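*Asks:*
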Amino acid sequence: MERPYVFCHMMTSLDGKIMGRYMEIPESEPAGEVFYRLAFGEHPYYQHQGWLSGRVTTDDNFTFYEKPELDKNAAAVPEGDFVAKKAPMYYVSVDPSGRLGWKSSTLTYETTTAHVIEVLTGKADNRYKAFLRKRGISYIIAGEQSLYYALALEKLKILFGIETLMLGGGAVLNWSFIQAGMCDEVSIVIAPAADGSTETQSLFMAKDGLFSDTPVSFTLLEAKPMGGSSVWLRYKVNFNK
Numbered sequence: 002m003e004r005p006y007v008f009c010h011m012m013t014s015l016d017g018k019i020m021g022r023y024m025e026i027p028e029s030e031p032a033g034e035v036f037y038r039l040a041f042g043e044h045p046y047y048q049h050q051g052w053l054s055g056r057v058t059t060d061d062n063f064t065f066y067e068k069p070e071l072d073k074n075a076a077a078v079p080e081g082d083f084v085a086k087k088a089p090m091y092y093v094s095v096d097p098s099g100r101l102g103w104k105s106s107t108l109t110y111e112t113t114t115a116h117v118i119e120v121l122t123g124k125a126d127n128r129y130k131a132f133l134r135k136r137g138i139s140y141i142i143a144g145e146q147s148l149y150y151a152l153a154l155e156k157l158k159i160l161f162g163i164e165t166l167m168l169g170g171g172a173v174l175n176w177s178f179i180q181a182g183m184c185d186e187v188s189i190v191i192a193p194a195a196d197g198s199t200e201t202q203s204l205f206m207a208k209d210g211l212f213s214d215t216p217v218s219f220t221l222l223e224a225k226p227m228g229g230s231s232v233w234l235r236y237k238v239n240f241n242k
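The number in the numbering used here is simply the position in the sequence shown, starting from 1, with 1 added.
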């Protein structure tokens with residue numbers, strides 16, 4: 002199977018949280034800067050062509066829970082995938098049912114601009130695909146009722162030329178890719194902070210009915226102290242299946 006090299010790159014607290022109040026204190030700022038520099042700085046470590054997140058992460062950071070403007074009288078769109086344009090950087094959003102209310106085909110994260118690709122399944126209806134086409138947003142279909150991870154990655158490589166892809170949350174999506182054997186490396190920038198919350202997401206979280214809590218092992222590739230008492234850890238994912 003052809004697919005991109007996939008690395009999961011996240012910033013966490015000392016207690017493994019990928020979001021929460023620990024991010025609000027000044028001591029976490031250096032870790033945030035390291036996280037961004039490694040992925041999106043002038044000389045990014047992985048030289049990737051896109052990053053992928055789930056629907057909730059996308060809504061939290063980019064679409065802000067806006068509803069898509071659907072036309073109930075939209076003409077039937079052609080079957081299959083839609084490549085609106087090629088770009089040097091892509092933001093890939095896993096949105097199986099087609100729910101995100103995009104306003105534009107591009108987004109800007111700090112200093113990084115990316116063309117949006119939606120990953121849909123057969124549950125996304127014609128109105129939503131027509132909405133994406135009208136916005137100039139690319140999309141691929143990867144599965145009928147549930148996401149077919151291997152097919153999604155294969156299409157991202159073949160249709161868009163993505164050789165290296167960053168996996169960027171949330172916790173359930175991260176774990177799903179690990180369990181599906183579709184993540185090659187985990188990169189963690191640890192902030193010297195914690196907030197003790199039991200209600201925020203950790204780096205990986207299993208979800209009933211999606212993937213199990215089958216343990217997975219990792220091999221340390223690098224451990225490096227960074228600025229402001231943060232630490233950068235790189236692990237190879239051991240495919241135990």
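In this text, a Cβ means the ideal position worked out from N, Cα and C, and glycines have one as well. In this text, all values refer to a predicted model and were calculated from it rather than measured experimentally.
Ignoring anything shorter than 3 residues or poking outside the segment 22 to 71, list the beta strand (DSSP E) runs there in chain order.
*Replies:* If we require 3 residues or more, the beta strand (DSSP E) runs fully inside the segment 22 to 71 come out as 51 to 55.
*Asks:* What residue does the beta strand (DSSP E) around Ile-118 start on, and which one ends it?
*Replies:* On the sequence shown, position 117 is the one that residue 118 refers to. Looking at the DSSP string, the run of the beta strand (DSSP E) that includes Ile-118 is 113 to 121.
*Asks:* Which residues does DSSP pair with Phe-212 in a beta bridge?
*Replies:* Counted from its first residue, the sequence shown places residue 212 at position 211. In DSSP, Phe-212 forms a bridge with Lys-208.
*Asks:* Alpha carbon to alpha carbon, how far is Lys-135 from Phe-178? Give it in angstroms, no decimals.
*Replies:* Counted from its first residue, the sequence shown places residue 178 at position 177. Counted from its first residue, the sequence shown places residue 135 at position 134. Distance between the alpha carbons of Phe-178 and Lys-135: 30 Å.
*Asks:* Can you check the segment 122 to 173 for any alpha helix (DSSP H) of at least 4 residues that lies completely inside it and give the ranges in chain order?
*Replies:* Those alpha helix (DSSP H) runs which fall completely within the segment 122 to 173 and span 4+ residues are 127 to 136 and 150 to 161.
*Asks:* From this set, Ser-230, Ser-203, Asp-96 and Tyr-150, which residue's C-alpha is nearest Gln-180's C-alpha?
*Replies:* One-based indexing of the sequence shown puts residue 180 at position 179. With distances taken between Cα atoms, Gln-180 lies closest to Tyr-150.
*Asks:* Which residue marks the beginning of the beta strand (DSSP E) containing Gly-97, and which one marks its end?
*Replies:* Residue mapping note: residue 97 aligns to position 96 of the sequence shown, counting from 1. Checking the sequence, you will find Pro at residue 97 rather than Gly. Looking at the DSSP string, Pro-97 is not in any beta strand (DSSP E), and its letter there is neither H nor E.
*Asks:* Taking Arg-4 as the reference, which of Gly-171, Lys-158, Thr-199 and Cys-184 has the closest Cα?
*Replies:* The sequence position of residue 4 within the sequence shown is 3, counting from 1. The candidate whose alpha carbon is nearest that of Arg-4 is Lys-158.
*Asks:* Have a look at Leu-166, Gly-182 and Asp-126 and flag the residue whose alpha-carbon is nearest the alpha-carbon of Thr-215.
*Replies:* On the sequence shown, position 214 is the one that residue 215 refers to. Here the closest residue by C-alpha is Gly-182.
*Asks:* Secondary structure at Ile-19, three-state DSSP: helix, strand or coil?
*Replies:* Numbered from its first residue, the sequence shown carries residue 19 at position 18. Correct three-state label for Ile-19: coil.
*Asks:* So, is Tyr-66 buried or exposed, given that buried needs 16 or more other C-beta atoms within 10 angstroms?
*Replies:* Residue 66 sits at position 65 when you count from the first residue of the sequence shown. Tyr-66 is exposed by the Cβ-count criterion.
*Asks:* Counting only the same chain and skipping the five closest in sequence on each side, list residues whose C-beta sits under 6 Å from that of Phe-132.
*Replies:* Indexing the sequence shown from 1 puts residue 132 at position 131. For Phe-132, where only same-chain residues beyond five positions count, the Cβ hits under 6 Å are Pro-69 and Leu-71.
*Asks:* Report yes if the C-beta distance between Ser-203 and Pro-31 is below 9 Å; otherwise report no.
*Replies:* Within the sequence shown, numbered from 1, the residue matching residue 203 stands at position 202. Within the sequence shown, numbered from 1, the residue matching residue 31 stands at position 30. Against a cut-off of 9 Å, the Cβ pair of Pro-31 and Ser-203 comes out as no contact.
*Asks:* Check whether the Cβ atoms of Ile-191 and His-49 lie closer than 9 Å to each other.
*Replies:* Mapped onto the sequence shown, residue 191 falls at position 190. Mapped onto the sequence shown, residue 49 falls at position 48. Contact: no.
*Asks:* Pick helix, strand or coil for Trp-176, following the three-state DSSP scheme.
*Replies:* The residue you call residue 176 lines up with position 175 of the sequence shown. Three-state result, Trp-176: helix.
*Asks:* Terminal residues of the continuous beta strand (DSSP E) containing Met-12?
*Replies:* Translated into positions along the sequence shown, residue 12 becomes position 11. 6 to 13 is the extent of the beta strand (DSSP E) around Met-12.
*Asks:* Is it a yes or a no for the segment 119 to 132 touching the segment 91 to 102, going by three-plus beta-carbon pairs under 8 Å?
*Replies:* Result yes; three or more Cβ-Cβ pairs closer than 8 Å.
*Asks:* Would you give the residue range spanned by the beta strand (DSSP E) that Ser-188 belongs to?
*Replies:* Numbered from 1 along the sequence shown, position 187 holds the residue referred to as residue 188. Unbroken beta strand (DSSP E) run through Ser-188: 186 to 191.
*Asks:* Report the residue from Arg-235, Val-78 and Ala-85 whose alpha carbon sits nearest the alpha carbon of Arg-128.
*Replies:* Numbered from its first residue, the sequence shown carries residue 128 at position 127. The shortest Cα separation from Arg-128 among Arg-235, Val-78 and Ala-85 belongs to Val-78.
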